[in-house]
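Chains as they are written, first to last, in our numbering: chain A, 116 to 235; chain B, 17 to 128.
Ideal Cβ placement from N, Cα and C applies to all residues, glycine included.
Quick caveat, the model's predicted, so the values are computed rather than measured.
Notes for the one structure printed next.
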Amino acid sequence: GAVVSQHPSRVICKSGTSVKIECRSLDFQATTMFWYRQFPKKSLMLMATSNEGSKATYEQGVEKDKFLINHASLTLSTLTVTSAHPEDSSFYICSAGTGLAGPGAYNEQFFGPGTRLTVL
Amino acid sequence: GDSVTQMEGPVTLSEEAFLTINCTYTATGYPSLFWYVQYPGEGLQLLLKATKADDKGSNKGFEATYRKETTSFHLEKGSVQVSDSAVYFCALFKAAGNKLTFGGGTRVLVKP
């Protein structure tokens with residue numbers, strides 16, 4: 116159980132285009148989803164946290180107009196990279212949590228396999 | 017801010033060798049500490065955790081002890097298998113902020 120999928124697994128796009136990445140919790144309802152970005156040989160950097168039905172909370176330094184996050188249902192969140200540029204090339208990872216442990220407690224996050232974005 | 021530092025890889029060992037991956041952290045308060053593992057082509061999976069000082073997390077033969085005095089959470093396994101080849105991430109969680117802070121990851125390659 117607790118499987119999270121991402122689609123696509125890799126995408127190549129031209130500079131200036133927009134790319135949408137989907138994150139789905141396959142066998143549980145995710146009240147909270149997280150989006151991370153990973154640079155080569157670097158740690159995962161949290162970009163934003165989204166709760167179903169409400170606006171995402173972005174980390175400092177992350178452009179909310181560039182990285183659009185939608186969490187319209189308990190099983191689906193999307194990240195859209197708008198007007199992508201080569202510097203947006205990276206590995207994007209989502210995770211999903213049930214929130215069952217309640218606020219202030221650690222709610223285990225289940226991670227997707229990641230999406231490799233290459234912007235030419 | 018909070019941070020996690022772990023040894024850079026890759027770490028290459030032979031089957032049945034002893035594995036240690038060092039992890040140290042910087043954080044105020046009392047974070048919970050975690051080790052995640054990422055097998056090729058898969059998402060990160062929680063390997064073990066410890067929520068307070070001197071706690072020992074263990075799973076699948078791996079162990080790590082929360083050492084507050086040295087702010088460390090080193091991962092160990094006494095006899096690795098080829099199937100342990102993966103990338104290992106150390107992480108901390110603090111309730112304030114509700115987010116995980118990850119180390120850079122350590123790639124481990126176990127050769128038969």
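Residue i at chain A interface by Cβ criterion, 7 Å
i: L49 (chain B); result: no
i: F109 (chain B); result: yes
i: G119 (chain B); result: yes
i: G59 (chain B); result: yes
i: K115 (chain B); result: yes
Residue i, DSSP secondary structure in three states
i: V96 (chain B); result: coil
i: E202 (chain A); result: helix
i: N222 (chain A); result: coil
i: T164 (chain A); result: strand
i: V124 (chain B); result: strand
i: Y173 (chain A); result: strand
i: N114 (chain B); result: coil
Buried/exposed call for residue i, threshold 16 Cβ in 10 Å
i: P47 (chain B); result: buried
i: T42 (chain B); result: exposed
i: S192 (chain A); result: buried
i: G119 (chain B); result: buried
i: T164 (chain A); result: buried
i: H200 (chain A); result: exposed
C-beta neighbour in chain B for residue i, strict 7 Å
i: P155 (chain A); result: no
i: S169 (chain A); result: no
i: L232 (chain A); result: no
i: G212 (chain A); result: no
i: Y173 (chain A); result: no
i: L159 (chain A); result: yes
- Message: Threshold first: 3 residues or longer. Then list the beta strand (DSSP E) segments lying entirely within the segment 125-153 of chain A, N to C.
- Response: DSSP runs (the beta strand (DSSP E)) wholly in the segment 125-153 of chain A: 125-128, 134-140 and 147-153.
- Query: Can you list, in chain order, the residues of the segment 69-102 of chain B whose Cβ is nearer than 7 Å to any Cβ on chain A?
  - Reply: Close to chain A, meaning a Cβ-Cβ distance shorter than 7 Å, is no residue of the segment 69-102 of chain B at all.
- Whole beta strand (DSSP E) runs in the segment 26-74 of chain B with 3 or more residues, listed along the chain? As far as the segment 26-74 of chain B is concerned, its whole beta strand (DSSP E) runs of at least 3 residues are 27-30, 35-37, 39-42, 48-54 and 61-66.
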